[in-house]
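One line per chain: the protein sequences are Z and R, in this order.
One point on numbering: in numbering that gives the first Met the number 0, the residue at position 106 of the first sequence is 105, and numbering is uninterrupted.
One point on numbering: in numbering that gives the first Met the number 0, the residue at position 260 of the second sequence is 259, and numbering is uninterrupted.
Beta carbons: idealized from backbone N, C-alpha and C, even for Gly.
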Amino acid sequence: MHRTGTLYGQFKTLEQQKDTATLGMWIFLVTEVMFFGGIMLAYTINRHTYFHAFAMGSNTLSLGLGATNTLVLLASSFTMAMGVWSAQTGKKTLISIFLILTILLGFVFFGIKYVEYAQKFHHHLVPGKSFDIGYCAHNPSKCEDVDVKELKEEGERLEEAQKADPDLQAHAQLYFSAYFGMTGLHALHMVIGAGLLLWLLKDSVAGKFTAEWNNPVDIVGLYWHFVDIVWIYLFPLLYLIDRHK
Amino acid sequence: MSTHETVPEPKFPEKHYLNAEYGIRSWLLTTDHKRIAMLYLAAVTFFFFIGGFFAMMIRLHLMTPNGYLLTPDQYNRMFTMHGVTMVFFFLIPSIPAILGNFLIPIMVGAKDLAFPKINLLSWYIYIIGGLFTMWSMINGGLDTGWTFYTPLSTVYSNSAVAPAVIGVFITGFSSILTGLNFLVTVHTMRAPGMTWFRLPLFVWAHYATSLVMVLGTPVIAITLALAGMERLFGLGFFNPAMGGDPILFQHLFWFYSHPAVYIMILPAMGVISELIPTFARKQLFGYHFVAAASLAIAVIGFLVWTHHMFLTGQSTYAAVAFSFLTFVVAIPSAIKVFNWTATLFGGSISFDTPMLYAFGFLGLFLIGGLTGLFLGCLGIDMNIHDTYFVVAHFHYIMVGGAVMGYLGGLHFWWPKITGRMYPEWLARIAAFTLFIGFNFTFFPQFLLGVMGMPRRYHMYPPEFQIYNVMSTAGASILAVGYLLPMIYLTWAAFYGKVAGENPWPATGLEWKTQSPPLTENFEVTPVVTWEAYDFRNRPDLGLDVPGGSGPRIVAPAHGDD
């Protein structure tokens, strides 16, 4: 199909084209909900069955880093929304500024995620042969990045949990399988989102987006917000299981 | 029929989508939905041959009680690869990706699907998924059954599970993108006057199918991703040795794979809803009910999945609820069958080849559907679960239903796709061959199932041999029935009689443009002023309508030529 300016040949009007693109993205996001839904179901069922192991696993996560990342993502959603608003009102320089801010916040998220993942590796919390949920509690000297008081509490909880669930090691591995599976999938979506934002930036610097035509900004915005919402679910699911005690 | 004879011989159009561009690049980089449909036709036919080859191996092996052809291990691989190929690479894409792709934009009066590039992308994803699966077939094959049940597939199987799982995972996204494209197209691309209730029921059926594709496929994707990671990296969600739950896998698997049955049968129902009014020359009885029944099947189809798991030790209350819902999902299917037969009543029926397939569909789908109720009934299922009764039941739905619909549709729209007619008598013979071969193959399997022959076994007691020999003999007839259309349809594409715009005649928008259509489908965007299947107020069809409003419509049946 030939395209005339920004109107692709299969459409009659720009409005039809915009409605089509938006609906397409919404339906795609529905498929994403079902996609994440499957792994969240697997998580929830196991959390119910092996509550002690999952609570134990949850306690080893850093609430501070998780909460910071939540704030970072919320802020990036705000800058993205401002980017969409700038596009709709035709403020060409502002679009680029907000896109850059969103990308930067995305990279802050990756940085913090990297710190968290690295911690899990050092603390023997990656599922596999060397997995040991009690590694830090038993070797406090090797986990200097964790608060001493917290480690002591962790040791006490570990004993309790082991009494309640003799197969704690295996079940805690399930928790970390879910942790890496879910946050990994989320991070993959963030990487794709960052790529899309860079692609937008190229066009926005070239001044292609106008008040009349800004579909790409609009639908990438939808995608970015969705990825943020996934995190809004992941944070309480993974980090806050046992915090109400 | 005097008016009919004065019509001049139709001419083959000079310019159309097939000769708009030439060269391999113009095909592999096309965004024309009609050309992409042809790409799918080639790929899907290829996989149909592969799946058919595995089926013949199974049937030949089962001719004797001890089996002389394959080792037990090879037999496991044959039936697994037959299932995987036929389900994921033939049945699911067949009607939607070929006929749906070709017809939906034309039927709604659009120039193309909403997202032509995504449409092409979906074909490439399908091919990449297919290559991974074939890699598995070549490197030792797959022996887990098409259901990939854990922990057999994730821990114990010694076959090439990982590439097959990756292949099916990838192919799922082609299905998702096709469904997404159809949904958006139906919403935003309809021509002026093409209201929701003027849409052909083929489009309604595909709308419902797309809902299932979009909502169900992501679940199988994440499930297979988890199972694949379990196989490759030792995650434990479905592995009881690590505290995981294999039944959870079955739940997630069937949450998609039961609705997947409706991905296969709904489009076939859509085809039948086009064929019956066309060859009865009568408006379809209860249009709104048939449209709503498609949606009802899609929705209720999501609520019946554990009827595959009655014997897994699930709670009795859950089993009762799912058994009830299984009966409920039969109601919209029954509504459709009643409406089709009611349409025939008082119609001016002609027995052209597509109509023969429609009749074949009606009978076989009826048997398949009713035996499904046996299986949904808790007490009976205890006895016939995992027997040949199940095998016969789902082949009546998938082959008797979906493939009959597919072939009926292919014959019906072949003049539109290629601009040429197939040889009518040869096609009728092929349709009969198929029908007879099919029943010979699968009816004995109902009897075997009731007598207690379990599915997936490579040997059986000698007293079952007569039925197995019948089944194998039937499968040979069936194979001839499949080969014939492949040969004469290909021949007809080049040398058949020129068909003209509307050879049947039929009422849809696709018959208001030249055959084969232009790349843009229509010279000018059509404006729709008539209701679906309304033969009485369509003088453009050239039908002989006495007084314009009589109860019977006398039509030039195509077969009288």
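Residue state for R:Pro453 is assigned as strand, using DSSP reduced to three classes.
In this structure Z:Ser76 touches Z:His224 by the C-beta definition: roughly 6 Å separates them, less than 8 Å. Taken in chain order, the whole alpha helix (DSSP H) runs of length 4 or more contained in the region 276 to 340 of chain R are 286 to 299. The shortest CA-to-CA distance from R:Gly300 to any of R:Met485, R:Ile262 and R:Phe521 is the one to R:Ile262.
A contact is defined here as three or more CB-CB pairs under 8 Å, and the region 279 to 286 of chain R fails this definition with respect to the region 230 to 242 of chain R.
With 16 or more neighbouring CB atoms inside 10 Å of its own CB, R:Ile396 falls in the buried class. For R:Ile465, the enclosing alpha helix (DSSP H) starts and ends at Gln464 to Tyr494. Distance from the CA atom of R:Ile379 to the CA atom of R:Leu365, rounded to whole angstroms, is 19 Å. Listed by position along chain Z, the residues whose Cβ is nearer than 7 Å to that of R:Phe114 are Gly23. With respect to chain R, the C-beta atom of Z:His170 has a partner C-beta closer than 8 Å. The Cβ-Cβ distance between R:Pro258 and R:Thr177 does not fall below 8 Å. Spanning the alpha carbons of R:Tyr466 and R:Met77 requires a straight line of approximately 20 Å.
About 12 Å separates the beta carbons of R:Pro353 and R:Ala429, which is beyond the 8 Å limit, so they are not a contact pair.
Distances from the CA of R:Ala491 to each of R:Ser209, R:Ala426 and R:Trp503 were compared; the closest alpha carbon is that of R:Ala426. Residues of chain R whose Cβ lies closer than 9 Å to the Cβ of Z:Ser95 do not exist; the shortest such Cβ separation is about 26 Å.
Neighbourhood of Z:Met33 in chain R, by CB distance below 7 Å: Leu214, Pro217 and Val218, in chain order. Distances from the alpha-carbon of R:Pro115 to those of Z:Phe10, Z:Tyr134, Z:Gln87 and Z:Phe106 put Z:Phe10 closest. Straight-line measurement puts the Cα of R:Val497 at about 6 Å from the Cα of R:Phe11. In its chain, beyond the 5 residues on either side, Val527, Trp529, Glu530 and Ala531 have a beta carbon closer than 8 Å to the beta carbon of R:Arg197.
A straight-line Cα-Cα distance of about 25 Å links Z:Asp164 and R:Phe232. Contacts between Z:Ala41 and chain R, judged by CB atoms closer than 7 Å, involve Leu225, Phe236 and Leu247 in chain order. One finds Ile175, Leu179, Val213, Leu214, Thr216 and Pro217 in chain R with Cβ atoms closer than 8 Å to the Cβ of Z:Thr30, taken in chain order.
In terms of CA proximity to Z:Phe130, Z:Phe175 leads the group Z:Phe175, Z:Gly105 and Z:Pro139. When C-beta distances to chain R are compared with 9 Å, the residues of the region 151 to 170 of chain Z below that value are Asp166, Ala169 and His170, in chain order. Taking 8 Å as the CB threshold, R:Met403 stays off the interface with chain Z. Under the DSSP assignment, R:Arg189 falls outside any alpha helix (DSSP H); it carries neither an H nor an E label.
Beta bridge pairing from DSSP links R:Val497 with R:Arg419. Of the other Cβ atoms in all chains shown, 16 or more fall within 10 Å of the Cβ of R:Lys33; this residue is therefore buried.
In this structure, the alpha-carbon of R:Met420 lies about 18 Å from that of R:Leu482. According to DSSP, residue pairing for Z:Arg2 in a beta bridge involves Z:Tyr7. Exclusion of the five residues before and after R:Ser152 leaves Thr143, Val160, Val164, Ala226 and Arg230 as the residues of its chain whose Cβ lies within less than 8 Å of its Cβ. Here the alpha carbon of R:Trp412 sits roughly 9 Å from the alpha carbon of R:Glu509. For R:Leu517, the pairing in a beta bridge is given by DSSP as R:Asn520. DSSP, read as helix, strand or coil, puts R:Thr386 in strand.
Contacts with chain R at 8 Å (Cβ-Cβ) include Z:Thr19.
The beta-carbon of Z:Ile132 is placed no less than 8 Å from the nearest beta-carbon of chain R.
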